[in-house]
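Comments concern the structure below.
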Amino acid sequence: MEFSSHSRVWIYQSDRELTALEAQEAQVLLDNFTRSWTAHNNQLLAKAEIRYNRFLILFVDESQAGASGCSIDKSVHFIKQLEQHFGINLFDRFNLAYRDGDVIRSVPRQQFENLIKEAKIKGDTIVFNNLVQTLADLRTKWEVPFNESWHVQLFGSLS
């Protein structure tokens, strides 16, 4: 399935890495959800994927049918069910992810601030911008150096 670069995306970051088995099960559940996801009884052109066993990403190509408030509510309800099922937190916006070599780590805001002060997170450290809203931005603005992300506006004075 080819999705427009303008497709909407929603990124949910887990507070921990899913095991391979959990990620496999979660992908099946996500696939089942996106196949039946509708807005005002119109089937959405939707898909989901899990990246790095940590990020659950929903995509909707709105060129055929747009995601409505009710359909977004359905997805939030579904994601909350996944949280309970896997014992993870997917809605903590102050759980920040970054690359530490080849490893992706996520830490609470205070610990993230401490890592910046300790120069363990620097300007070239890759951070994850889970606020991106389109597939184009996911491709180009999701994994970015700290200095090129929104993080620098909030935490830049600490470095």
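Each residue of the sequence shown is one higher than the last, beginning at 116 in the working numbering. Beta carbons: idealized from backbone N, C-alpha and C, even for Gly. Note that the structure is a prediction, hence the values are computed from the model and not measured.
Only residues of its own chain outside the window of five on either side were considered, and among them Glu228, Ile231 and Lys232 have a CB closer than 7 Å to the CB of Leu273, listed in chain order.
When secondary structure is reduced to three states using DSSP, Phe118 falls in the coil class, being assigned neither helix nor strand. Under the three-state reduction of DSSP, Asn156 is assigned to coil, being neither helix nor strand. Taking 9 Å as the cut-off, the beta carbon of Phe174 is found no closer than this to the beta carbon of Ala154.
Here Leu269 is not near Arg123, since their CB atoms are 9 Å or more apart.
Looking only at Ser129, Gln158, Gly202 and Ala212, the smallest Cα-Cα distance to Val259 is reached by Ala212. Inter-residue distance for Leu253 and Leu133 is about 21 Å (C-alpha atoms, whole angstroms).
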